[in-house]
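To start, the structure under review is shown below, and the notes come after it.
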Amino acid sequence: MKKLTAAEEQIMQTLWSLGEGGFMKDILEHLADTKPHYNTVGTLLKILVEKKFVGIKNPNRNNFYYPLVTKEEYSVSGIKALTDNYFQGSYSKVVSFLVDKKEMSIEDLEFLLNQLKKKGK
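Taken in order, the sequence shown gives residues 0 to 120; the numbers are from numbering that gives the first Met the number 0.
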């Protein structure tokens, strides 16, 4: 799966949070804190359509944009790429790194262990 720029990811996060997608006005409203220009959002949506991350429906001449890639699919791809590129494909090395950097607590590890035990049954 292709990697997205930070701006493209922001648009995708917006579409995912809107659920089924939205019209340009919905997207701009959701991005009101950052106040991107209409043309900038339009260009990013065009790029995301070309990359096959976003689809368009055209009811009443207003484009309705919707995600073609789920947040979960993109997340799995990103985590896999990070693991492959920085940790030789080893998820245990990822966890070890997080523990070493004090980014993961004992409670976090216990939670993961319980998740693994549940999946194993």
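Here a beta-carbon is modelled for each residue, glycine too, at the ideal position from N, C-alpha and C. These figures come from a predicted structure and were not determined experimentally.
- Put simply, the backbone Cα of Met23 is about 8 Å away from that of Gly41.
- At a Cβ-Cβ threshold of 7 Å, Val93 and Thr82 count as neighbours.
- Comparing alpha carbon positions, the residue from Leu43, Gly20 and Leu97 closest to Pro66 is Gly20.
- Membership of Lys56 in the beta strand (DSSP E) is indicated by the continuous run Val53 to Lys56.
- Burial state of Ile55 is exposed, judged by a 10 Å Cβ sphere holding fewer than 16 other Cβ atoms.
- Taking a C-beta distance under 7 Å as the contact criterion, Trp15 and Lys70 qualify as a contact pair.
- DSSP, read as helix, strand or coil, puts Gly18 in coil.
- Contact between the segment 30-49 and the segment 6-15 is present, with at least three C-beta pairs closer than 8 Å.
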